[in-house]
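Below is one structure, written out as structure tokens; comments come after it.
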Amino acid sequence: MSSREQILHLFRQCPDAYISGQEISNRLQISRAAVWKQVEQLRELGFKIEARRAQGYHLLDSPDLLLPSDILTELDTRLVGRVVRSEKKLPSTNLFAQQLAVEGADEGLVVLAESQSAGRGRMGRHWESPAGVNLYCSILLKPHIPPREAAQLTFLSAVATAEALKDVCGLDARVKWPNDILVGGRKIAGLLNELSAETEQIHALVLGVGLNVNMLADQFPPELRYPATSVRIETGKLQPRLPLLRSLLQRIDNLYTEFLSAGFVPLRKRWEKLFDLLDRQVEVDLGPRVISGVVGGLEPDGALRLFLPDGRVERILAGDVRPIGSEH
Ligand code: BTN
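According to our numbering, the sequence shown is numbered sequentially starting from 291.
This is the structure we're talking about:
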């Protein structure tokens with residue numbers, strides 16, 4: 291932890307007290323001048339810190355930042371968040387997590403950015419990533435499973451995101467196969483899992499989560515393929531990002547632990563409870579062609595079962611599914 295983060299940690303440990311500069315200096319083994327400098331830097335970041343003669347410093351209010359030390363407080367994970375990298379701006383958190391994996395980063399690494407200049411969406415699309423309002427998060431996993439089963443973990447981040455939205459914001463979030471998260475039919479989060487593997491072994495699986503938290507309607511690009519929303523639009527309230535992020539990371543950790551010990555079935559069941567399109571007529575954009583049919587649920591490996599009009603059953607492994615008769 292940096293000195294700045296240690297000072298914040300001290301403030302958070304005694305939220306009602308004043309802590310003298312001398313005490314901070316003793317605890318952190320840094321000079322009084324260094325304490326003052328760090329406090330000034332915290333103020334520049336938006337922390338409201340009161341200073342009283344003969345009493346010391348007191349934290350009054352914190353900005354909505356994603357500092358690793360803050361994230362890790364109250365998190366009780368086995369793996370996820372062992373290392374957290376929180377950056378101001380990155381081209382893409384997924385790309386950065388993949389690069390760190392190549393350099394030997396351990397499983398459980400979390401990469402966050404306040405903004406992304408080249409946020410990646412599914413099927414080569416761009417993910418709009420303005421600064422400070424949303425969550426752009428990537429989690430590095432290295433599961434010892436055959437690469438063909440990696441698609442099952444797509445459902446893991448979907449369940450974690452939808453459940454975190456329900457739990458923290460009270461939103462009725464639903465999943466759309468394979469991995470969009472919708473509220474009231476509008477997309478509130480997108481998931482992009484990227485795999486690096488050999489035939490028999492996974493090197494790195496990066497779970498990318500883009501969650502629209504405080505974005506307002508005029509911040510979405512006009513040409514969006516899918517109607518989009520955010521927590522703020524849905525609830526009418528500013529949502530601090532930290533509780534949502536903590537809940538997301540905790541859930542990913544719990545679900546991953548369960549997946550490793552109990553396999554895909556419990557995860558599949560939880561995902562199916564959040565799925566809206568069962569038995570619905572849909573069309574599926576496969577890239578080169580579009581097919582339509584009725585959704586018959588998930589195959590054991592996570593593929594979508596589609597009943598075609600001619601009676602055949604098609605297993606969909608990748609594609610964009612939309613209900614027929616909706617503008618989505
Ligand atoms: C989609 O197309 O719906 C998936 C969007 C995924 C966006 C997230 S934001 C964090 C992570 N980093 C990226 O570059 N993309 C994912």
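Cβ atoms here follow ideal geometry from the backbone N, Cα and C, with glycine treated the same way.
Asked                                                                                                                                                         : Found
Let's see if you can read the secondary structure: which residues bound the beta strand (DSSP E) around H299?                                                 : Note, H299: premise wrong, no beta strand (DSSP E); alpha helix (DSSP H) at 293–303.
Could you check whether V496 and L538 sit closer than 8 angstroms to each other, using their CB atoms as the reference points?                                : no
Hey, out of R605, S520, F510, whose CA is closest to G474's CA?                                                                                               : S520
Could you tell me the boundaries of the alpha helix (DSSP H) in which K456 lies?                                                                              : 444–459
Under 7 angstroms: does the beta carbon of V499 sit that close to some heavy atom of the ligand BTN?                                                          : yes
Could you check what DSSP says for K563 in three-state terms: helix, strand or coil?                                                                          : helix
Measure the Cβ-Cβ separation of V574 and I523 and say whether it is below 8 angstroms.                                                                        : no
Can you give me the C-alpha to C-alpha distance between P420 and G526, rounded to a whole angstrom?                                                           : 19 angstroms
When we look at the beta-carbon of N424 and count the other beta-carbons within 10 Å, is it buried (16 or more) or exposed?                                   : buried
Per DSSP, what kind of secondary structure is K307 in: helix, strand or coil?                                                                                 : It is Ala, not Lys, that sits at residue 307 in the sequence shown. Three-state result, A307: coil.
Do V572 and I614 have their C-beta atoms closer together than 8 angstroms?                                                                                    : yes
Taking the alpha carbon of W467 as the point to measure from, which residue in A391, Q491, P530, G587 has its own alpha carbon closest?                       : G587
Applying the criterion that 16 or more other CB atoms from any shown protein chain within 10 Å of the CB defines a buried residue, is E617 buried or exposed? : Because E617 sits at a pLDDT of 49, beneath the cut-off of 50, its placement in the model cannot be relied upon, and the following sentence gives the value as read from the coordinates. Exposed, because fewer than 16 other Cβ atoms sit within 10 Å of the Cβ of E617.
Under 8 angstroms by Cβ, that's how I've got L528 and R464 pegged, so tell me the actual separation to the nearest angstrom.                                  : That belief does not hold up - the Cβ atoms of L528 and R464 are roughly 24 angstroms apart, past 8 angstroms.
Which runs of the beta strand (DSSP E), 3 residues or longer, sit entirely within the segment 525–602?                                                        : 571–575, 580–588, 594–597
Residue range of the beta strand (DSSP E) that R342 falls in?                                                                                                 : 338–342
Cβ of R464 versus every heavy atom of the ligand BTN: is any distance shorter than 7 angstroms?                                                               : no
Tell me which same chain residues have a C-beta within less than 7 angstroms of the C-beta of G371, skipping the five on either side of it?                   : I361, L362, L365, G398, V400, L539
Assign V329 to one of two classes, buried (16 or more other C-beta atoms within 10 Å of its C-beta) or exposed (fewer than that).                             : buried
Which residue's Cα is closest to the Cα of L472: V449, N316, D543?                                                                                            : V449
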